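Please read the structure below before turning to the comments.
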Amino acid sequence: MWCARAQSGRPEDVRSLVVQLRGAVEQGPVYDRAAALDALARDPVPLLIHLDRHARPGGLTTGVPEGPADLLRLLMCSLDSDGRLREAAVEGLAGRGGPLPTAALALRAVDWVPRVRDRAVAALLARCAPDEVAAAVRVLLRLDGRRRADGLLAAYRRTLATPPHRRAVRALAADTDPPTRRFGMELALDLGEYVRGDLLRTALHDRDQVCRKLCAQRLLELDPGQAGRLLRARGAGVREMAVAALPGDVPAARLVPLLADRARMVRAQARWQLYQRGEPPADVYRGQLRRALRAQASPGLLAGLARGLGECGDAADTELLTRLLGRPPAAVRRAAVHAVGRLAKPEELVGLLGPLANDPDPGVAREVFEALTRVPEGVPAETVWVGRVRSEPAVRRAAERIRRR
């Protein structure tokens, strides 16, 4: 319970945890100390950083005993204001394995006393077990901005690049902590740990967008021909990179799904491909949107083409886009309203979009009132009232802006 509260970093909660831990060290029974260590070990990095900030002043009444020392006592001594106690604790922690002692050593690797700092760094660089390396990297990443940490993370990275640490590097690249995982992924890529199949799978399916982009970039460096396979990636950043890597003579039909992509950055990159080959993107959008309307294309394609045309078209495209304003589903109407709101002449906005103020879809109503903020003086009072009484906060805020202007 005390550890869970201290995770927030609130000073009063962290100090309460310090009192509890000191009590367990000084006079608590063995099972209390074991329970405290178990709670600390569940997520040691943020807890130790918070404890290091708030554990001083007020150290233990007794120092590190001669001979084998209790791990909880070593941890608390490593946070003490007395440098001699911290140095002795570092020596004791150096002989203990596991993520918790390693995280404590990483914390002392930025100690303000050089002797404590040097001993902690030496002990830290000797660790190569995957769980210990992960604990060290998690702490060092969070301390990298401190003045005394200058160069420490880079030195540890050089150590991890040596053969004994290769297994730990692969484990870092799969860590659950996003910053640690990205650090491990970058290092693994630099060391050539991933073959092309690994790179493709990670770029397509990884849960972290930074890792997806790192692997996609390396894959495209090795084999630009893989760009076509990356177009189906879940991450918009990867799809954007893939579009940029497509050859200049890629057929225009292949660019249509990309021009209608759900992500704006991908649509922009696809338009740039057209610009480079001398094809006006707006003309392509107009032709594809007319064709999609005749063919009763999928809602996703209609919505993407409408948004894309709204990003590069002109006022003459309003007539084509208004054909989508009453069309189900709501995603198509949202895209059409957004595009009309960007392209229509100011004097036409109220007449085109005002009837959609009561649309049952919150997204459509939001786009309507955001567009009407362009012409606040022309919006009828009853339309403003509709926006102010709707349940969606974004719609009410937009209607209120119109009323104030």
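Each residue of the sequence shown is one higher than the one before, starting from 513 at the first, in my numbering. Heads up, the beta-carbon is just placed ideally off N, CA and C, and yes, glycines get one too. If you're wondering where the values come from, they're calculated on a predicted model, not measured in any experiment.
Taking the runs of the alpha helix (DSSP H) that are 4 residues or longer, which of them lie wholly in the segment 764-797?
Listed in chain order, the complete alpha helix (DSSP H) runs (minimum 4 residues) inside the segment 764-797 are 764-771 and 776-788.
With a CB to CB cut of under 6 angstroms and the five nearest residues on each side skipped, what residues in its chain are close to residue 878?
Non-local beta-carbon contacts of residue 878 in its own chain, meaning distances under 6 angstroms to residues more than five positions away in sequence, involve 906 and 907 in chain order.
Do you know offhand how far residue 867's Cα is from residue 744's?
Taking C-alpha positions only, residue 867 is separated from residue 744 by approximately 38 angstroms.
Considering only their Cβ atoms, is the gap separating residue 685 from residue 697 smaller than 8 angstroms?
Yes, the Cβ-Cβ distance between residue 697 and residue 685 is below 8 angstroms.
Looking at the unbroken alpha helix (DSSP H) that takes in residue 717, where does it start and where does it end?
DSSP places residue 717 in the uninterrupted alpha helix (DSSP H) bounded by 708-717.
Please report the residue range of the alpha helix (DSSP H) in which residue 677 lies.
Where residue 677 is concerned, there is no enclosing alpha helix (DSSP H), given that its DSSP letter is neither H nor E.
Relative to the C-alpha of residue 761, which candidate in 813, 558 and 790 has its C-alpha closest?
Out of 813, 558 and 790, 790 has the C-alpha closest to the C-alpha of residue 761.
My output table needs one value for residue 607: the three-state DSSP class, helix, strand or coil.
In this structure, residue 607 counts as coil in the three-state DSSP scheme.
Between residue 842 and residue 777, what straight-line distance do the alpha-carbon atoms span, to the nearest angstrom?
For residue 842 and residue 777, the distance between alpha carbons rounds to 22 angstroms.
For residue 624, which option in 862, 701, 595 and 688 has the closest C-alpha, if you only look at C-alpha atoms?
Answer by Cα proximity: 595.
Going by DSSP in three states, residue 808 sits in which element: helix, strand or coil?
In this structure, residue 808 counts as coil in the three-state DSSP scheme.
Under 7 angstroms Cβ to Cβ from residue 601, same chain only, skipping five residues before and after it: list those, please.
If you ignore the 5 residues before and after residue 601, its C-beta comes within less than 7 angstroms of the C-beta of 576, 586, 589 and 590, all in its own chain and listed in chain order.
Buried versus exposed, by CB contacts within 10 Å (16 or more), residue 891:
Residue 891 comes out buried.
Can you list, in chain order, the residues of its chain whose CB lies under 8 angstroms from that of residue 709, leaving out five sequence neighbours each side?
Excluding residues up to 5 positions away in sequence, nothing lies with its Cβ nearer than 8 angstroms to the Cβ of residue 709 in the same chain.
Considering only C-alpha positions, which residue in the set 672, 632, 814 and 633 is nearest to residue 642?
Of the listed residues, the one whose Cα sits closest to residue 642 is 672.
Segment limits, alpha helix (DSSP H) that includes residue 630
Per DSSP, residue 630 belongs to the alpha helix (DSSP H) from 626-637.
Alpha carbons only, please: which of 775, 659, 656 and 702 is nearest the one belonging to residue 746?
Cα-wise, what sits closest to residue 746 is 775.
I'd like to check one pair, residue 800 with residue 768: are the Cβ atoms closer than 8 angstroms?
Contact: yes.
Can you give the Cα-Cα distance for residue 765 and residue 655, rounded to whole angstroms?
The alpha-carbon of residue 765 is positioned some 50 angstroms away from that of residue 655.
6 angstroms CB neighbourhood of residue 484 in its chain, flanking five on each side removed:
No answer is possible for residue 484: the residues shown for the chain start at 513 and end at 917.
Where does residue 857 sit, in a helix, a strand or coil, going by DSSP?
Three-state result, residue 857: coil.
Three-state class that DSSP yields for residue 640 in the structure shown:
The answer is coil: DSSP assigns residue 640 none of H, G, I, E or B.
Can you find the residues in the same chain that come closer than 7 angstroms, C-beta to C-beta, to residue 923, ignoring five residues on each side of it along the sequence?
Look at the range of the chain in this structure, 513 to 917, and you will see that residue 923 is not part of it.
Return helix, strand or coil for residue 686, following the three-state DSSP convention.
Coil at residue 686, not helix or strand.
In this structure, how does DSSP classify residue 457 when only helix, strand and coil are distinguished?
Residue 457 lies beyond the stretch modelled for the chain, which goes from 513 to 917, so this question has no answer here.
How long is the line joining the alpha carbons of residue 863 and residue 753, rounded to whole angstroms?
When rounded, the distance between both Cα atoms is 41 angstroms.
What separation, rounded to the nearest whole angstrom, lies between the Cα atoms of residue 705 and residue 669?
Near 15 angstroms, if we compare the C-alpha coordinates of residue 669 and residue 705.
Could you round the C-beta distance between residue 826 and residue 798 to whole angstroms and report it? I think they count as a contact, below 8 angstroms.
With a Cβ gap of about 10 angstroms, residue 826 and residue 798 do not count as contacting.
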